[in-house]
Amino acid sequence: LRTRPGPIRGAVVWVCPPHTMRVLFAIYLALIFGGIAAAVVIGATS
Amino acid sequence: VKRWVRNNSLSLFFLVLFLATLAGQSQASWRAYRDEQLAHHEPAGTYAGYLVSPDFSAKVMENWQSEFLQFTLYILATVWLIQRGSSESKEQGREGLQGEEDQRTGRYADARSPLWARVGGWRTAVYSNSLVIVMTAIFFGSWFAQSITGVAQYNQAQTEHHQAAVNWMTYIHEPDFWDATLQNWQSEFLAVGTMAIFSVYLRQRGSPESKPVGAAHDETTSND
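These protein sequence lines are chains A and B, in that order. For what it's worth, the working numbering labels the leading residue of the first sequence as 191, then goes sequentially. For what it's worth, the working numbering labels the leading residue of the second sequence as 193, then goes sequentially.
Now the structure itself:
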């Protein structure tokens with residue numbers, strides 16, 4: 191855990207290498223847009 | 193890996209919950225569908241077949257769209273509207289989009305700010321609204337998917353009842369579509385309104401969604 195002073199009322203902001211979180215961001219995006227696309231295809235072909 | 197899991201535990205927790213409950217929904221939903229089909233002396237089909245049926249897809253999509261509408265509206269409404277004393281609200285006087293200094297864009301950006309927050313112009317304008325842009329796209333995408341799967345499902349029932357099929361444009365004016373839509377919206381709006389006003393008077397120790405336990409009721413403590 192690395193921290194640095196935050197801009198808001200002396201709060202501490204948690205700094206973590208951004209690339210380690212991109213995997214989850216991508217998984218969520220893929221699940222959501224993949225799910226929507228799948229549903230549209232299912233509906234359109236039924 | 194252990195550290196990565198700990199750093200991302202909130203997203204991972206809900207991802208696992210999502211997948212588990214979606215699997216649970218698909219099983220329960222298929223069993224209910226199968227029982228109904230058998231009661232009507234119709235073929236039930238297979239579980240795998242049910243997973244790609246309009247019946248299951250419509251149920252998933254109608255819930256998705258309402259959740260993303262809820263969050264999108266909440267993100268937007270809290271830009272301009274306030275609830276005094278709510279942990280979900282900005283303080284009085286801070287309504288609106290705020291200036292570059294408050295938002296740390298342009299010349300107020302620091303070295304670690306995202307590139308699109310630093311550069312200005314259309315890229316900063318887009319990035320400044322990227323959360324709502326993506327959430328809105330998901331809302332309209334899943335609402336559209338609900339309508340497409342809904343009309344397929346509706347027409348299957350029409351055929352079974354020897355009635356005429358309808359096209360998409362007709363379906364989105366049907367009570368069936370608005371019943372599925374509004375039954376989800378009402379519950380979402382009740383939940384967010386509840387969260388806004390409950391967080392004035394009630395606390396959850398340790399949660400960033402709550403004010404500190406000892407905070408006064410009229411103290412508004414959003415980290416805006």
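We put the CB at the ideal spot given by N, CA and C, even for glycine.
Just to confirm, does B/G333 get its C-beta within under 7 Å of one of the non-hydrogen atoms of the ligand PLP? This structure does not include the ligand PLP; it has no bound ligands of any sort.
Helix, strand or coil for B/T413 per DSSP? coil
Pick helix, strand or coil for B/A303, following the three-state DSSP scheme. coil
B/G285 versus B/V318: straight-line alpha-carbon distance, rounded: 25 Å
Out of B/A236, B/Y225, B/K251 and B/R226, state which residue places its alpha-carbon closest to the alpha-carbon of A/V230. B/K251
When you compare each of B/M253, B/E287 and B/V326 to B/A269 by their alpha carbons, which one comes out closest? B/E287
Spatial distance of B/Y242 from A/Y218 (CA atoms): 24 Å
Residues of chain A with CB under 7 Å from B/S334, in chain order? Counting only Cβ-Cβ distances below 7 Å, B/S334 has contacts in chain A at I226, in chain order.
Under 8 Å between C-beta atoms, does A/A139 make it to chain B? Because chain A spans 191 through 236 in this model, residue 139 of chain A falls outside it and cannot be assessed.
Test: A/A234 CB closer than 8 Å to a CB of chain B: yes
Compute the Euclidean distance between the alpha carbons of A/G224 and B/Y300, then round it to the nearest angstrom. 37 Å
So B/F248 packs on B/S221, CB below 8 Å; how close in whole Å? Approximately 6 Å separates the beta-carbon atoms of B/F248 and B/S221; this is inside 8 Å, confirming the contact.
What distance in whole Å lies between the Cβ atoms of B/L261 and B/E380, which are believed to be in contact at a cut-off of 8 Å? 7 Å
Delimiting residues of the alpha helix (DSSP H) encompassing B/L323: Counting along the chain, B/L323 sits inside the alpha helix (DSSP H) bounded by residues S322 to E352.
In angstroms, rounded to a whole number, what distance separates the CA positions of B/E234 and B/E352? 10 Å
When you compare each of B/V392, B/S339, B/A372 and B/L211 to B/V358 by their alpha carbons, which one comes out closest? Looking at the Cα atoms, B/S339 is the closest of the given residues.
Would you mind stating whether B/S278 and B/S391 have Cβ atoms separated by less than 8 Å? Contact: yes.
Hey, could you find the ends of the alpha helix (DSSP H) B/E283 is sitting in? From DSSP, B/E283 is part of no alpha helix (DSSP H); its letter is neither H nor E.
For B/G333 versus B/A372, is the C-beta spacing smaller than 8 Å? no
Cross-chain neighbours of B/I330 in chain A, by beta carbon under 8 Å: Under the 8 Å cutoff, chain A gives I222, F223 and I226.
To test your reading of the DSSP string, which unbroken alpha helix (DSSP H) runs of 4 or more residues are found completely within the stretch 368 to 414 of chain B? none
So, does the CB of A/A216 fall closer than 8 Å to a CB anywhere in chain B? No - not a single Cβ of chain B is within 8 Å of the one on A/A216.
If you measure between the beta carbons of B/A337 and B/M253, is that distance less than 8 Å? yes
Compare the C-beta of B/M387 against all C-beta atoms of chain A and say whether one is closer than 8 Å. no
Please list the segments of the alpha helix (DSSP H) lying wholly inside the stretch 255 to 292 of chain B, counting only runs of 4 or more residues, in order along the chain. none
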